[in-house]
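Visitor: I'd like to ask you about the structure that follows.
Residue numbers (the numbering used here): 578 to 713.
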(Lines of atoms letter the chains of each structure in order from A and count residues from 1; the text may use other names and numbers.)
(Lines give C-alpha, C1' and ligand atoms only; values in the text may rest on other atoms or scores of the structure.)
Protein backbone atom coordinates (compact mmCIF):
# COMPACT_ATOMS: atom_id res chain seq x y z
CA UNK A 1 0.00 0.00 0.00
CA UNK A 2 2.82 2.34 0.81
CA UNK A 3 4.41 1.62 -2.55
CA UNK A 4 1.16 2.54 -4.28
CA UNK A 5 1.08 5.91 -2.51
CA UNK A 6 4.65 6.61 -3.57
CA UNK A 7 3.86 5.77 -7.16
CA UNK A 8 0.79 8.00 -7.14
CA UNK A 9 2.84 10.82 -5.70
CA UNK A 10 5.58 10.41 -8.29
CA UNK A 11 3.20 9.97 -11.22
CA UNK A 12 0.71 12.72 -10.40
CA UNK A 13 2.27 15.39 -8.20
CA UNK A 14 5.82 15.53 -9.55
CA UNK A 15 4.78 16.42 -13.11
CA UNK A 16 2.65 19.23 -11.69
CA UNK A 17 5.69 20.62 -9.92
CA UNK A 18 7.72 20.59 -13.13
CA UNK A 19 4.93 22.27 -15.09
CA UNK A 20 4.69 25.14 -12.62
CA UNK A 21 8.44 25.69 -12.22
CA UNK A 22 9.11 27.56 -15.52
CA UNK A 23 6.80 30.38 -14.48
CA UNK A 24 8.74 30.75 -11.26
CA UNK A 25 11.98 30.92 -13.21
CA UNK A 26 10.55 33.45 -15.66
CA UNK A 27 9.71 35.82 -12.80
CA UNK A 28 13.35 35.84 -11.73
CA UNK A 29 14.75 36.68 -15.18
CA UNK A 30 16.70 39.90 -15.57
CA UNK A 31 15.55 42.24 -18.31
CA UNK A 32 18.07 44.53 -19.97
CA UNK A 33 16.67 47.70 -21.49
CA UNK A 34 17.67 51.25 -22.28
CA UNK A 35 20.20 50.10 -24.88
CA UNK A 36 21.28 51.56 -28.20
CA UNK A 37 22.07 48.66 -30.53
CA UNK A 38 24.33 49.85 -33.34
CA UNK A 39 24.02 47.78 -36.52
CA UNK A 40 25.55 50.39 -38.79
CA UNK A 41 28.25 49.64 -41.33
CA UNK A 42 29.88 52.86 -42.53
CA UNK A 43 31.69 55.80 -41.00
CA UNK A 44 28.56 57.95 -41.37
CA UNK A 45 26.48 55.39 -39.50
CA UNK A 46 29.06 54.95 -36.75
CA UNK A 47 29.33 58.72 -36.26
CA UNK A 48 25.54 59.01 -36.15
CA UNK A 49 25.43 56.21 -33.57
CA UNK A 50 28.11 57.95 -31.50
CA UNK A 51 26.24 61.26 -31.36
CA UNK A 52 22.84 59.63 -30.90
CA UNK A 53 23.98 57.36 -28.07
CA UNK A 54 25.62 60.29 -26.27
CA UNK A 55 22.25 62.09 -26.32
CA UNK A 56 20.42 58.88 -25.34
CA UNK A 57 22.58 58.46 -22.23
CA UNK A 58 21.41 61.86 -21.00
CA UNK A 59 17.71 60.96 -21.24
CA UNK A 60 15.99 59.93 -18.01
CA UNK A 61 13.46 57.08 -17.82
CA UNK A 62 14.67 55.03 -20.78
CA UNK A 63 14.01 51.74 -18.99
CA UNK A 64 11.85 49.48 -21.10
CA UNK A 65 12.99 50.98 -24.40
CA UNK A 66 15.71 49.71 -26.72
CA UNK A 67 16.88 51.64 -29.77
CA UNK A 68 18.28 49.87 -32.83
CA UNK A 69 20.15 51.63 -35.63
CA UNK A 70 20.12 49.89 -39.01
CA UNK A 71 21.98 50.94 -42.11
CA UNK A 72 21.48 49.90 -45.72
CA UNK A 73 24.37 50.68 -48.05
CA UNK A 74 23.79 51.63 -51.69
CA UNK A 75 27.24 51.75 -53.38
CA UNK A 76 26.50 54.55 -55.83
CA UNK A 77 24.00 56.53 -53.76
CA UNK A 78 25.14 56.42 -50.13
CA UNK A 79 23.35 54.87 -47.17
CA UNK A 80 19.90 54.85 -45.61
CA UNK A 81 19.91 54.85 -41.82
CA UNK A 82 16.83 53.65 -39.93
CA UNK A 83 16.16 54.11 -36.22
CA UNK A 84 13.73 51.81 -34.39
CA UNK A 85 12.46 52.00 -30.81
CA UNK A 86 11.26 48.60 -29.58
CA UNK A 87 10.79 47.48 -33.17
CA UNK A 88 8.83 50.56 -34.30
CA UNK A 89 10.53 52.63 -36.99
CA UNK A 90 10.47 56.29 -36.00
CA UNK A 91 13.27 57.87 -38.06
CA UNK A 92 14.87 57.33 -41.45
CA UNK A 93 17.53 59.46 -43.11
CA UNK A 94 19.78 59.31 -46.14
CA UNK A 95 23.52 59.96 -46.08
CA UNK A 96 25.08 60.66 -49.45
CA UNK A 97 28.62 59.84 -50.43
CA UNK A 98 29.87 63.28 -49.37
CA UNK A 99 30.03 64.79 -45.91
CA UNK A 100 26.58 65.35 -44.41
CA UNK A 101 25.51 67.12 -41.21
CA UNK A 102 25.63 63.97 -39.07
CA UNK A 103 25.43 65.70 -35.70
CA UNK A 104 22.34 67.66 -36.76
CA UNK A 105 20.70 64.45 -38.00
CA UNK A 106 21.38 62.80 -34.63
CA UNK A 107 19.87 65.80 -32.83
CA UNK A 108 16.76 65.60 -35.00
CA UNK A 109 16.50 61.85 -34.35
CA UNK A 110 16.79 62.26 -30.57
CA UNK A 111 14.05 64.91 -30.60
CA UNK A 112 11.76 62.54 -32.51
CA UNK A 113 12.68 59.79 -30.05
CA UNK A 114 11.76 62.01 -27.10
CA UNK A 115 8.40 62.75 -28.73
CA UNK A 116 7.79 59.05 -29.35
CA UNK A 117 8.71 58.07 -25.76
CA UNK A 118 6.43 60.79 -24.38
CA UNK A 119 3.59 59.58 -26.57
CA UNK A 120 4.05 55.96 -25.47
CA UNK A 121 4.11 57.00 -21.80
CA UNK A 122 1.02 59.18 -22.24
CA UNK A 123 -0.83 56.34 -23.96
CA UNK A 124 0.10 54.03 -21.08
CA UNK A 125 -1.25 56.51 -18.54
CA UNK A 126 -4.49 57.23 -20.38
CA UNK A 127 -5.03 53.59 -21.31
CA UNK A 128 -4.97 54.23 -25.06
CA UNK A 129 -3.21 51.16 -26.42
CA UNK A 130 -4.53 51.42 -29.95
CA UNK A 131 -1.07 52.15 -31.30
CA UNK A 132 -2.34 54.93 -33.54
CA UNK A 133 -0.01 57.87 -33.87
CA UNK A 134 -0.54 61.27 -35.42
CA UNK A 135 2.75 61.86 -37.16
CA UNK A 136 5.00 58.81 -36.95
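Glycine included, every Cβ here is placed at the ideal spot set by N, Cα and C.
Do you know offhand how far residue 625's Cα is from residue 699's?
Guide: If you number the chain shown from 1, residue 625 lands on position 48. If you number the chain shown from 1, residue 699 lands on position 122. Distance between the alpha carbons of residue 625 and residue 699 is about 28 Å.
Visitor: Classify residue 625 as helix, strand or coil using the three-state DSSP reduction.
Guide: Position 48 of the chain shown, counted from the start, is the residue given in the question as residue 625. DSSP places residue 625 in helix when its eight states are reduced to three.
Visitor: Curious, which full-length beta strand (DSSP E) runs of at least 3 residues does the stretch 630-699 contain?
Guide: You should have 644-651, 655-662 and 665-672.
Visitor: Note down the Cα distance separating residue 671 from residue 605, rounded to an integer number of angstroms.
Guide: What you label residue 671 is simply residue 94 of the chain shown in a count that begins at 1. What you label residue 605 is simply residue 28 of the chain shown in a count that begins at 1. Cα to Cα, the separation comes out at about 42 Å.
Visitor: Taking the beta strand (DSSP E) that residue 614 belongs to, which residues open and close that run?
Guide: Indexing the chain shown from 1 puts residue 614 at position 37. Run containing residue 614: 613-616, per the beta strand (DSSP E) assignment.
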